[in-house]
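Visitor: Residue numbers (this note's numbering): 3 to 226.
For every residue, glycine included, the Cβ atom is placed at its ideal position computed from N, Cα and C.
The structure follows.
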Amino acid sequence: MRPRQTLLLGLLLLLPVLAFLFLFSFGKNRYALPTYLPDRVDSTQVGGKWRRDTVFHQIAPFQLAASTGRQVSSQELGQGLYIAQFYADDEASARVARQLLRVQEKFRKEQRVRLVTFVLSADAANPAALTRLAEQYGTIAGKWFFLTGAPDTLRRLTHQEFRLTADPKRLPGAVYTANIPAGRLLLVDNQRRVRGIYDGTDGREIDRLLTEVTVQLYDYEHPH
C-alpha cells in the first residue's frame, strides 16, 4: 500500500475516535424526568402566537402525625424530594417497605431525599402501634417518616392529591374504602409535583427509582 493511501486510511480510522472523545469531553447528555397528574392545558400568547402549556397538579400542603409523636408538614418533606408509599397493612405494603430500605441506605447522607410512608390502617391511630411499625423497618430519624392522620385527611391525600383510584372493596384493616395500587411508589419534587411512579414490589423498578432520584438531584444542581 502506498504511503499516501496508508495515511488516508489512518485518518479515516481516527476520525470516529476523535469525534467520540470530543463528545465525551464537551457533550452534555440530559434526561429530564416526566411530570405526572396533568390538571389542565392553558393557552398563552407569546410573540403574537398562541402556545399551549400543560399545568400539572401540585400536592396540596398537609400536616400529619409522625411515629415520634410530633406533627410533620409537607414543607419539611419537600425541601428536596420525597418518595411516598401508602401502607395498607398487607403483604404488598410490607414488601415495598422492605425495598425502601435500599433507598434509605443509598441516600442515607443526602439531606434532600426523604421517604414518607402514609399509614392507612386503623391501628395507626395508636401512637405506640405507629412507632412499632417504624421501628420494624429500621427507619432513620429525619430520613424516613411513618405518618398518619384523621380518616378524612388521608382520604383527601389519597384520592384528591395523589389521585389513587376508588374501589368498592375495602382493604383489610384500612380506615376507608380505597384501591391502593399494590406497591405503588411516587416521587414528589420540590415543587410538589409527581415526577415518578414505580412498582415498589419489583427490584428493577427500585433500580429505576434510584436512578431517577439521582437525575432529579442533578437537575437541581444544574438547572436548565
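Could you spell out where the alpha helix (DSSP H) holding leucine 159 opens and where it closes?
Guide: Counting along the chain, leucine 159 falls outside any alpha helix (DSSP H), and DSSP gives it neither H nor E.
Visitor: DSSP on lysine 171, reduced to helix/strand/coil?
Guide: The predicted position of lysine 171 is uncertain, since its pLDDT is 42 and thus under 50; a value taken from the coordinates is nonetheless stated next. Three-state DSSP puts lysine 171 in coil, outside helix and strand.
Visitor: Quick one: residues in its chain with C-beta nearer than 6 Å to the C-beta of histidine 59, no 5 flanking neighbours on either side, listed in chain order?
Guide: Hits under 6 Å: Leu39, Asp41.
Visitor: Run through DSSP, which three-state label would glycine 71 get?
Guide: In the structure shown, the three-state DSSP call for glycine 71 is coil.
Visitor: Taking leucine 156 as the reference, which of Phe88, Ser95, Trp52 has the closest Cα?
Guide: Selected option, being the one with the closest Cα: Phe88.
Visitor: Is DSSP giving tyrosine 139 helix, strand or coil here?
Guide: coil
Visitor: Where does arginine 195 fall in DSSP's three states?
Guide: coil
Visitor: If we call anything under 8 Å between Cβ atoms a contact, is leucine 212 one with lysine 108?
Guide: yes
Visitor: For threonine 213, report the span of its alpha helix (DSSP H) as first-last.
Guide: 205-223
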